Amino acid sequence: MSLDNYLYLSAILFTIGAVGVVVRRNAIVVFMCVELMLNAANLTLVTFSRINGTLDGQVIAFFTMVVAACEVVVGLAIIVTIYRSRRSTSIDDASLLKR
Amino acid sequence: MQPLLTIQGPEAALFWFLAPLAVAAALGMLLVKKAVHSALLLAWVMITLAIFYIAQDAVFLGVVQVIVYTGAVMMLFLFILMLVGVDSSDSLTETITGLRPIAITAAVGFGGLLVSLLGRATLGREPIGLEIANTAGNVQGLAELLFSKYVWPFEVVSALLITAALGAMVLAHHQRTNPRPTQREQAISRFRSGSLAGAAGLPGPGVFARHNAVDVPALLPDGTPAPTSISATLKARGDVLDSGQFQLDNVDTTVVEEK
Amino acid sequence: MVTNNGLVYLIALPLFGALSLLLLGRRADKWGHLLATTLSAGSFAVGLLQLSEMLARTPEARPVTQKLFTWISVGSFNVDASLLLDQLSICFVLLITGVGTLIHIYSISYMSHDPDRRRFFAYLNLFIAAMLLLVLGDSYLNLYVGWEGVGLASYLLIGFWNQKPAYATASKKAFIMNRIGDMGLSFAIMIAFASLGTVSFSGVKEQAHQASEATMTAIGIMLLVAAVGKSAQFPLQAWLGDAMAGPTPVSALIHAATMVTAGVYLIVRSNFVFDAAPNAQLLVVIVGAITLMFGALVGTAKDDIKKALAASTMSQIGYMILASGLGPAGYAFAIMHLLTHGFFKAGMFLGAGSVMHGMNDEVNMRRYGGLRKFMPITFITFGLGYLAIIGVPPFAGFYSKDMIIETALNAGGAKGIILGSVALLGAAITAFYMTRVMILTFTSSKRWDDTQHPHESPILMWLPMAILAIGSVISGFLLYRGEALKHWLEPLFEEHGEHTELLPPIVVSGLALFMVVIGVALAVIKYQLSDVEVVAPENVSVFTRIARRDLLQDDINEALFMRPGQLITSALVKIDQSVVDGAVHGIGKMALGSGSVLRKSQTGFVRSYAVLILIGAGVLIAAIWVVTK
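Protein chains in written order, with my numbering: chain A, 1 to 99; chain B, 1 to 259; chain C, 1 to 629.
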């Protein structure tokens with residue numbers, strides 16, 4: 001088996017995550033799909049770290065995790081705030097951008 | 001030169017066993033209606049990935065993946081889901097016309113191109129593997145990089161983390177714009193709300209019943225259960241008991257003497 | 001050159017006063033005028049100190065400098081913000097701060113009923129600071145800063161009572177006409193920078209002989225334009241009469257004694273330029289001669305006491321410009337006349353202010369008359385100034401004006417004869433109109449009604465007048481005695497040495513006195529011995545009418561500049577509305593139209609944007625796919 005298979009898996013997961021972001025309306029699920037995409041990217045980093053024989057990729061994957069954690073914290077706080085005022089977590093309801 | 005890396009045996013088996021499961025779980029995330037199910041499926045994908053990390057000599061990341069992602073982050077997701085209502089389930093029908101076909105076409109195109117690009121790409125050399133890099137141990141190797149070469153990004157990221165924590169606190173802090181209504185005001189508004197049905201307040205669970213647990217509806221004076229006396233969450237979970245089973249004639253009233 | 005770190009205090013003191021009075025606002029109302037006067041006096045004291053130090057040195061070592069900071073440093077071009085105090089500037093420093101302080105004192109009383117007295121004193125201090133910077137700058141660029149500063153102060157003070165539209169217009173008129181002169185100065189600086197590579201006095205002086213005469217002529221003419229604007233010389237003289245809208249102390253300080261003489265300073269300071277450019281020098285003389293006649297003629301027809309004095313100022317500065325155009329022979333006399341004029345004209349303006357003060361701000365001399373009995377001190381001080389200006393020996397004006405006439409006559413050839421005659425004729429007319437002012441105001445029969453209660457002014461007002469009157473009496477003799485001023489200024493100028501004497505000095509003095517007597521006699525016959533009408537007679541000759549209209553200066557300006565300007569402006573407005581605005585609105589409409597088409601793509605749904613990102617990423621991958629084939 002080639003290491004490429006990990007990369008294929010990562011690409012597929014990333015695409016699925018992207019579809020989820022577009023298709024799902026529940027903001028929390030959308031967020032989870034974003035997490036899925038980040039994880040797919042991490043898998044790529046780890047695989048390349050192995051291919052290159054250096055640990056840099058893993059360090060960057062580690063940073064990605066931290067940033068993802070930040071993003072989740074702030075994003076979920078935003079969702080809670082929106083939910084509090086609109087009683088809804090559907091991102092289509094928050095379509096004020098067009099106005 | 002390091003002997004060439006070949007993947008076979010256990011790792012290949014592990015991959016071919018877990019990868020389809022991960023893809024299936026990811027697809028499931030898109031298809032299930034309830035957000036909480038999506039979250040569980042995502043947790044499964046993450047654990048799968050953690051296993052892959054460990055299999056790829058990234059022990060530290062694998063463990064972090066389990067602790068931070070599957071543990072903390074997913075817990076946060078579930079916590080928020082609880083806040084906004086576990087019973088919320090999405091309708092999967094598309095409301096923006098034409099979005100879904102476009103999205104799926106775009107995604108298939110994107111994924112197909114990506115995969116074909118990967119298939120075409122050649123590294124020009126064989127993969128090296130992490131045996132040398134991990135000689136002092138994976139954690140030690142990472143630590144050495146983190147605290148030397150990557151110390152500046154490390155500090156920046158830590159600042160980002162603190163900022164995010166503060167930001168979340170600020171966002172979650174709710175400033176009351178008007179004073180909390182007093183009981184008196186609430187009572188007045190109940191009487192003025194058109195119908196007098198709720199004027200006396202909702203019946204608490206267990207009222208007039210022979211049982212006062214929260215999952216037992218109260219009985220109205222005519223003996224029928226009062227649906228408003230039960231939390232909607234309990235009802236959605238189907239955890240409501242039938243108050244009929246606590247009718248006097250159904251209950252064993254024989255006094256058991258205690259000695 | 002000797003460095004002296006005290007020079008900055010000359011400017012810093014009044015500048016501090018101006019700033020603190022303006023910034024503190026109403027809080028300084030109670031004591032602002034005292035602070036301003038004290039600081040002005042302090043500046044005068046510093047000036048005296050510098051003079052005493054200067055007197056102790058040899059003539060060559062007298063100039064001192066102080067470098068404040070490096071202002072511009074670009075490549076080989078350096079301008080420092082430096083001050084230069086030499087024999088010429090010290091005259092001005094003492095005149096500005098001395099007369100300035102007296103006028104501060106006068107204003108305390110004169111403006112005591114004005115609610116904005118603090119603002120007035122702030123502007124006065126600002127003026128003193130700017131004027132000092134003008135005379136202390138060691139380069140044309142530094143001078144320019146002060147030049148603009150006095151322009152600003154003059155504008156603010158002419159329009160001090162800007163609640164009256166006419167006064168506000170007068171201040172704008174002065175400002176705009178001054179702008180033309182300021183353009184001249186900036187052009188002169190630009191030419192000097194472009195062709196000589198330096199703008200400092202010493203730098204230009206060094207290169208004055210090497211540079212081509214055309215360059216020096218260009219610089220000289222531009223400097224003359226600057227001087228003409230600032231000193232209200234022909235043809236930019238129209239603003240000075242209207243500038244009398246400002247409070248009378250302002251007229252005395254700025255529009256008689258100091259600021260309007262800045263043009264003379266500029267020309268004398270730039271003597272090396274004009275010495276190297278005979279054509280520009282000739283132009284200076286012509287401007288001076290025309291203006292001295294112009295001002296004198298206007299002065300004969302004015303009934304407004306301040307405007308008559310303003311016309312006289314214009315004429316007297318014409319004398320100074322004339323003298324400064326006569327080359328090294330005339331520079332010292334230009335400055336001498338400037339100093340004596342500073343005394344007597346400031347004194348007379350203050351006297352006019354005192355008369356107005358006693359006459360409920362009436363300015364029409366035809367409604368005065370016989371005020372001698374009611375305002376004895378004003379009469380005496382004004383009278384001393386009067387004797388000085390018409391040139392009666394031994395009063396100040398006699399020495400200075402006489403020397404100018406003499407120098408003009410000795411200029412050589414037809415030029416000398418023409419200039420000398422003009423100067424002599426001017427002296428006669430000066431005597432005529434000043435006598436007219438004197439008679440109409442003080443000695444003729446009473447022509448005011450009984451609602452007026454003329455009275456002498458308080459001591460704070462007459463004391464400065466008295467001091468200035470003493471100056472008008474003795475300053476000429478002091479400066480003339482042993483050619484004191486001439487020797488004092490000599491190191492600054494290049495001596496040519498050749499002196500031709502057309503007429504012996506005593507004959508010239510005799511001629512001048514004769515002309516003065518004629519002028520005085522005519523005025524006495526016309527105004528003292530016959531009755532003066534309260535309303536100016538209408539059936540007068542066309543010449544009188546023209547003179548009353550300031551020799552048509554405003555009509556000419558209107559016909560030549562204002563109306564064509566208005567035409568151009570209205571045409572430009574039309575072009576602006578149709579072409580420029582059309583283009584602008586067209587672009588706006590285009591943007592609006594394309595925006596309304598594009599906005600359809602903006603649904604506001606995050607997910608549709610996400611799809612676009614996804615498509616974009618796909619296109620990117622496709623591009624990589626194609627490129628890496």
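Where a beta carbon is used, it is the ideal one built from N, C-alpha and C, also for glycine.
The structure displayed is predicted, hence computed values, not measured ones.
Per DSSP, what kind of secondary structure is residue i in: helix, strand or coil?
i	result
L4(B)	Any reading at L4(B) must be qualified, since the residue scores a pLDDT of 49, below 50, and its modelled position is unreliable; no value is offered.
L3(A)	coil
F160(C)	coil
P14(C)	helix
A19(B)	helix
A81(C)	strand
G9(B)	helix
A235(B)	In the sequence on display, residue 235(B) carries Lys and not Ala. Three-state result, K235(B): helix.
V74(C)	strand
A245(C)	helix
D222(B)	coil
Q66(C)	strand
N26(A)	strand
I79(A)	helix
K34(B)	strand
G137(C)	strand
V34(A)	helix
T97(B)	coil
T89(A)	coil
V74(A)	helix
V2(C)	strand
Since I believe residue j is in contact with residue i (beta carbons under 8 Å), could you give me their beta-carbon distance rounded to a whole number of angstroms?
i	j	result
S324(C)	G295(C)	About 16 Å; that fails the 8 Å criterion.
S312(C)	G263(C)	The Cβ separation is near 17 Å, so there is no contact.
S171(C)	G184(C)	About 21 Å separates the two Cβ atoms, so there is no contact after all.
L196(C)	Q207(C)	5 Å
A153(C)	A174(C)	Actually they do not touch by this definition, with Cβ atoms about 11 Å apart.
L240(C)	A310(C)	5 Å
Considering residue i, what are the terminal residues of the alpha helix (DSSP H) in which it resides?
i	result
T97(C)	Q87 to Y110
I128(B)	Taken as a continuous stretch (DSSP letters only), I128(B) belongs to no alpha helix (DSSP H), as it is neither H nor E.
K600(C)	That residue, K600(C), is in no alpha helix (DSSP H); it is neither H nor E in DSSP.
Q528(C)	Neither: Q528(C) is in no alpha helix (DSSP H) and is coded neither H nor E.
Y386(C)	P376 to I390
Q281(C)	P278 to A301
K415(C)	G413 to M438
D182(C)	P165 to I191
N364(C)	Per DSSP, N364(C) belongs to no alpha helix (DSSP H) and is neither H nor E.
Y319(C)	I305 to S324
L223(C)	E213 to K230
K205(C)	F201 to Q207
L96(A)	Unbroken run through L96(A): none, as it is neither H nor E.
S457(C)	No alpha helix (DSSP H) holds S457(C); DSSP gives it neither H nor E.
At which residues does the beta strand (DSSP E) containing residue i begin and terminate?
i	result
T38(C)	Taken as a continuous stretch (DSSP letters only), T38(C) belongs to no beta strand (DSSP E), being part of the alpha helix (DSSP H) at G32 to L55.
Which residues in chain E sit within 9 Å of residue i, going by Cβ to Cβ distance?
i	result
L219(B)	Checking the listed chains, one finds no chain E in this structure; the protein chains it contains are A, B and C.
TODO: Evaluate the contact criterion for the stretch 388-403 of chain C versus the stretch 355-366 of chain C: three or more CB pairs, one atom per stretch, below 8 Å.
DONE: Cβ pair count under 8 Å is below three, so no.
Open item on the list: Does the stretch 132-144 of chain C come into contact with the stretch 79-91 of chain C, if we say contact requires no fewer than three beta-carbon pairs (one atom in each stretch) closer than 8 Å?
Closed with: Taking 8 Å as the limit for Cβ pairs, the verdict is that the stretch 79-91 of chain C does touch the stretch 132-144 of chain C.
- [ ] Report yes or no: do the stretch 366-374 of chain C and the stretch 452-459 of chain C share at least 3 C-beta pairs separated by less than 8 Å?
- [x] The stretch 366-374 of chain C is in contact with the stretch 452-459 of chain C.
Task: Whole runs of the alpha helix (DSSP H) within the stretch 132-214 of chain B, excluding any shorter than 4 residues - done: As far as the stretch 132-214 of chain B is concerned, its whole alpha helix (DSSP H) runs of at least 4 residues are 138-146, 151-172 and 183-191.
Open item on the list: For the pair the stretch 299-307 of chain C and the stretch 278-290 of chain C, tell me if three or more CB-CB distances fall below 8 Å.
Closed with: No, the stretch 299-307 of chain C does not touch the stretch 278-290 of chain C.
Task: Cβ pair count under 8 Å reaching 3, the stretch 59-74 of chain A against the stretch 19-38 of chain B - done: Segments in contact, no.
TODO: State whether the stretch 27-35 of chain C contacts the stretch 91-102 of chain C, with contact taken as three or more CB pairs (one from each stretch) at a distance under 8 Å.
DONE: With the cut-off at 8 Å, the stretch 27-35 of chain C and the stretch 91-102 of chain C do not touch.
Task: Inter-stretch contact at 8 Å, needing at least 3 Cβ pairs: the stretch 22-33 of chain A / the stretch 35-43 of chain B - done: Pairwise C-beta distances place the stretch 22-33 of chain A in contact with the stretch 35-43 of chain B, as three or more of them are shorter than 8 Å.
- [ ] Indicate whether the contact test is met: 3 or more Cβ pairs, each with one atom in the stretch 81-93 of chain A and one in the stretch 7-18 of chain B, closer than 8 Å.
- [x] Counting C-beta pairs closer than 8 Å gives fewer than three between the stretch 81-93 of chain A and the stretch 7-18 of chain B, which falls short of the contact rule.
Task: Cβ contact check for the stretch 399-407 of chain C and the stretch 335-344 of chain C: 3 or more pairs under 8 Å - done: Between the stretch 399-407 of chain C and the stretch 335-344 of chain C there are three or more inter-stretch CB-CB distances shorter than 8 Å, so the stretches are counted as touching.
TODO: Tell me, please, whether the stretch 240-253 of chain C touches the stretch 330-339 of chain C by the rule of three or more beta-carbon pairs shorter than 8 Å.
DONE: Touching, no, given that fewer than three Cβ pairs across the two stretches are closer than 8 Å.
TODO: Determine, using beta-carbon pairs with one atom in the stretch 598-609 of chain C and one in the stretch 94-108 of chain B, whether at least three such pairs fall under 8 Å.
DONE: Yes, they touch.
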